[in-house]
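Visitor: Sharing a structure here in structure tokens format.
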Amino acid sequence: MSPNNPLRILIALVLAGTGCSTMANVEPASERSDTVFRLASAGITPDRRSQAANVSVDTSFDRPGFFYDDGTDSGFVARPDVDRKLIHSAQLTLVVSAVHEAIRVITKRCEEAGGYVAERQDALLTLRVPADRYTDLLSATRALGRVVRDLRQTSDVTDEYVDLELRLQNAEKSRERLLALLDKATVIEDIIKIEEALRRLTTDIESMKGKLQLLSHQIGFSRIDVYLHSLEEGGEWTRGQKSRFPWIRRLGIEQDLTRF
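Laid out in structure tokens, this is it:
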């Protein structure tokens, strides 16, 4: 047997693991495939494989969007020992006496709370505020006028966050092993295969880091969309009347405004 054979077998195992690994729910009947990078037999002891088999991993964050109303879509069993990762968001529609003054006050209070105006379009403001000041800013904003609509959502993304961290950790360990194998490789074919796997793995790692950064920002900074409307002085809003503001028409709240 050539002295290079054990190394080539090890390379094959690691390369297989970087493509489509299955650390979670590995029973043949389920055939569930997640995107956690398995290190195969290269460095994983039987004990560690046994522990890994008990880890439930979801790939729901690979689908468009990160928001879930009740956290049940992922199929995870609740883990009380983990800090819940919550994303808070709200949509407020207010009737105010002066739109420009309300914008000035809202912007000032948002900045004082450590937040910022992420977007502004006419009388629509998108605010980002630290999660621990979210409720305070909501209350302060509501007090500026008559509340037409107040929609709030809290999304639990704990499972997606924990799974993403796990995937990233294992991908980085796989990259370390591949780099170690690259140092030992002497056959050109092996070197080419390892370098190709490293390129793919590096791309995946950067993608996971980006997703994790996005989730962290959404968790740390709650979103508040504020829609402002001012009734013209002396005017009446009649039933069936169309708003001159496109964003009011898109929301379909003309009927809600008839009470003011």
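Numbering of the sequence shown is given in the numbering used here, commencing with residue 1470 and proceeding in unit increments.
All residues carry an ideal CB built from backbone N, CA and C; glycine is no exception.
Taking the continuous beta strand (DSSP E) assigned at R1692, which residues delimit it?
Guide: F1690 to H1698
Visitor: Taking R1669 as the reference, give the member of A1587, R1644 and Y1696 with the closest Cα.
Guide: R1644
Visitor: So, helix, strand or coil for V1656, using DSSP?
Guide: coil
Visitor: Give me, in chain order, the residues of the same chain whose beta-carbon lies closer than 7 Å to that of G1689; leave out the 5 immediate sequence neighbours on both sides.
Guide: P1599 and A1600
Visitor: Take V1617 as the anchor and find which of S1566, V1568 and L1697 has the nearest alpha-carbon.
Guide: For V1617, the closest of S1566, V1568 and L1697 by C-alpha to C-alpha distance is L1697.
Visitor: Cβ-heavy atom distance between H1557 and the ligand COA below 7 Å?
Guide: The model on display carries no ligand, and the ligand COA is accordingly not part of it.
Visitor: How big is the Cα-Cα spacing for R1517 and K1642?
Guide: No answer about R1517 holds up, because its pLDDT of 40 lies below 50 and its placement is not dependable.
Visitor: Count the CB pairs spanning the segment 1609-1616 and the segment 1647-1654 that are closer than 8 Å, and state whether there are at least three.
Guide: no
Visitor: Could you check whether T1627 and L1573 sit closer than 8 Å to each other, using their CB atoms as the reference points?
Guide: Strictly speaking, residue 1573 in this sequence is Arg, with Leu absent from that position. Cβ distance not < 8 Å, so R1573 and T1627 don't count as in contact.
Visitor: Does DSSP put V1626 in a helix, in a strand, or in coil?
Guide: coil
Visitor: What whole-angstrom Cβ distance do D1605 and L1555 have, given they're in contact under 8 Å?
Guide: No, D1605 and L1555 are not in contact; Cβ-Cβ is about 16 Å, not under 8 Å.
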